[in-house]
Amino acid sequence: MPIKVPDSIPAKKILTAENVFVMDESVAFHQDIRALKILILNLMPDKQVTEVQILRLLGNTPLQIDVKFLRMESRASKHTSEEYLSAFYNVFSEVRGMRFDGMIITGAPVEQMEFESVTYWRELTEIMAWTDANVTSTFHICWGAQAGLYYHYGIPKLPLGRKRSGVFSHTVNKPGVKLLCGFDDVFWAPHSRHTEVRREDVEKVPGLEILSESTEAGVYIAASTDGKRVFVTGHSEYDPLTLRNEYFRDLAKDPSVLAPENYFPGDDPAKEPKVLWRAHANLLYGNWLNYYVYQETPYQL
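Using this note's numbering, the letters of the sequence shown correspond one by one to residues -1 to 299.
As structure tokens, then:
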């Protein structure tokens, strides 16, 4: 089933070429169906890339999705034009009075800063507080997951000795949890971060469960037992070459940067990476939409 997006958003052309069913507003207007309303708070610098990555996964389900994009009003974007943002994005003051079936909060390249030092931290905390009464389930990614765990539960993020970059194997901690329905016992997922949350800090919080983790990468998926908050510390949405592009960007700044682990064949950056995480990524987003959003949200928002 399709995802509904603004008529002229560039992501539509890319996704259509990949056989992802994308329906524009003019067609959706004539359908007598209540699409799931999903709000995506995009904190990444290159917003168009992140749009495609997330919409690709949302579009691979049998549910019709009505997507609205949100940006921070308290910080001007350096990498995306104001014209583009005005055309395709809302600010919080424009959606505050609405309700949504689901919300996604992306990562952001600010993880080495203290949360309170991030220029839009106050606005972000207002949004996270608002989700409690206005969103059925919120899916947090990477720094967005760390920010959510810190704001809602006081769980700190701690610095790593070096950047954790690569594709790592993970295990399923809670086989009966619907979010992990259909997962293999061991599966792969990308990580790209300088900080982490510790297992012992998550385990101290009543009503919060670690659903999946990695011996190498640590806690991967945690969630509240009621399904209202899902925290994913990795980047299952990444494209095949995202880690490669990040590596060469970082290498240009620091020649000592190590290549992503378990990513390049034979650890040779000259070789084309193989995707090991696509099936898991589709399952993760599909399960979240089906079990934590569609089957939980009221028909009348």
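Glycine included, C-beta positions come from ideal geometry on N, C-alpha and C.
Whole-angstrom distance between residue j and residue i, CA atom to CA atom
i    : j    : result
K269 : F246 : 13 Å
Y148 : E114 : 11 Å
V170 : A250 : 37 Å
S234 : D265 : 21 Å
R94  : L282 : 28 Å
K66  : A143 : 20 Å
I125 : T223 : 21 Å
P263 : A257 : 11 Å
E81  : E198 : 45 Å
S254 : L37  : 39 Å
T48  : M111 : 22 Å
P267 : T78  : 29 Å
V108 : V195 : 15 Å
Cutoff 8 Å; reference residue i; Cβ partners in own chain excluding five residues on either side
i    : result
L34  : L61, Q62, I63, D64, D99, G100, L287, V291, Y292 and T295
Y297 : R32
C-beta contact flag for residue i and residue j at 8 Å
i    : j    : result
C140 : G225 : no
P188 : Y218 : no
T136 : R54  : no
N58  : N280 : yes
Sequence-distant residues of the same chain with beta carbon closer than 6 Å to residue i, five excluded per side
i    : result
Y289 : K176
V89  : E71
C179 : N285
Sequence-distant residues of its chain with Cβ nearer than 7 Å to residue i (five each side left out)
i    : result
V273 : P238
I12  : V50
Q46  : P8 and A9
Nearest-angstrom beta carbon gap, residue j and residue i [assumed within contact, 8 Å]
i   : j    : result
M42 : A106 : 7 Å
- Message: Three or more C-beta pairs under 8 Å: does that hold for the stretch 195 to 211 against the stretch 142 to 152?
- Response: yes
- Query: Quick check: the stretch 105 to 125 against the stretch 71 to 85, are there 3 or more CB pairs under 8 Å?
  - Reply: yes
- Query: Touch check for the stretch 122 to 139 and the stretch 153 to 168: three-plus C-beta pairs under 8 Å?
  - Reply: no
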